[in-house]
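For any residue, its number in the numbering used here is found by taking its place in the sequence shown, counting from 1, and adding 3. For each residue, glycine too, the CB sits at the ideal point set by N, CA and C. Single-structure report; data block below.
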Amino acid sequence: MAGLLYSVSMSLDGFIAGPGGDLSWLTPLLPPPGGEPNPLTEEIGALLIGRRTFGGDDAYRDTEGEGEAFGGGWSGPQIVLTRRPPPAPVPGVTFAGDLDTAVRTAREAAGGRLVNVLGADVARQCLAAGVLDEVLTCVMPVLLGDGVRLFDAPGSDPVALEPVAVHRGRYSTDLRYRVRRG
4 MAGLLYSVSM SLDGFIAGPG GDLSWLTPLL PPPGGEPNPL TEEIGALLIG RRTFGGDDAY
64 RDTEGEGEAF GGGWSGPQIV LTRRPPPAPV PGVTFAGDLD TAVRTAREAA GGRLVNVLGA
124 DVARQCLAAG VLDEVLTCVM PVLLGDGVRL FDAPGSDPVA LEPVAVHRGR YSTDLRYRVR
184 RG
């Protein structure tokens, strides 16, 4: 069965987006589209995306990678969790109205490879449902001071994570954790 990995870029002070979901802060910190390959994309079989992330800001805006997963560095099946699918079909994208259907569809589409979860809200839902297996946080060299927090769930219980790997790359320091169960 395909595991679920939430991957996210985050400022050093804990923000994954600026105020209102703005991702323009990330653009100068990312590799250029078509640049060096991202090792994560070799592990991914499908994307499970939240609706706001799917229709939101794009860190590759105004570049040749705009509108493409990982700036064009990955292509494959995309499943969007939403109760409001668009009126017209979107090529390569499946819309699912509930988490169970979205996770099942993404796992099947991944063909035994990783399902990459994109979007803080869908990641929180996966964590609460006990289906999220790993978290990969790419810490970017910037302090934003305000915006959307990595995990903002006041009143929730702590979630234990087990370190898997640390990688210091050219553009970020990547911290990979396994979600501890029980």
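Tell me residue i's beta-bridge partners as DSSP assigns them.
{"i": "N119", "result": "L8 and L50"}
{"i": "G19", "result": "The amino acid at residue 19 is misidentified as Gly; the sequence shows Ile. Its beta-bridge partners do not exist; DSSP assigns none."}
If we ignore side chains and look at the alpha-carbon of each, how far apart do residue i and residue j end up?
{"i": "T30", "j": "R171", "result": "19 Å"}
{"i": "R179", "j": "V169", "result": "6 Å"}
State yes or no: is the C-beta of residue i within less than 8 Å of the C-beta of residue j?
{"i": "L121", "j": "F18", "result": "no"}
{"i": "L117", "j": "I52", "result": "no"}
{"i": "D124", "j": "R173", "result": "no"}
{"i": "V162", "j": "R181", "result": "no"}
{"i": "T104", "j": "W77", "result": "no"}
Please determine, among the options, the residue with the shortest C-alpha to C-alpha distance to residue i.
{"i": "L153", "options": "G21, G6, E45 and G76", "result": "G21"}
{"i": "S12", "options": "L139, L164, A156 and R184", "result": "L139"}
{"i": "S10", "options": "P94, S175, R183 and D149", "result": "S175"}
{"i": "L135", "options": "R87, L43 and R127", "result": "R127"}
{"i": "L15", "options": "C141, E165, D155 and T108", "result": "C141"}
{"i": "E137", "options": "G23, L164, W77 and F98", "result": "L164"}
Helix, strand or coil, according to DSSP, for residue i in the structure here?
{"i": "T176", "result": "strand"}
{"i": "F98", "result": "strand"}
{"i": "P31", "result": "helix"}
{"i": "L43", "result": "helix"}
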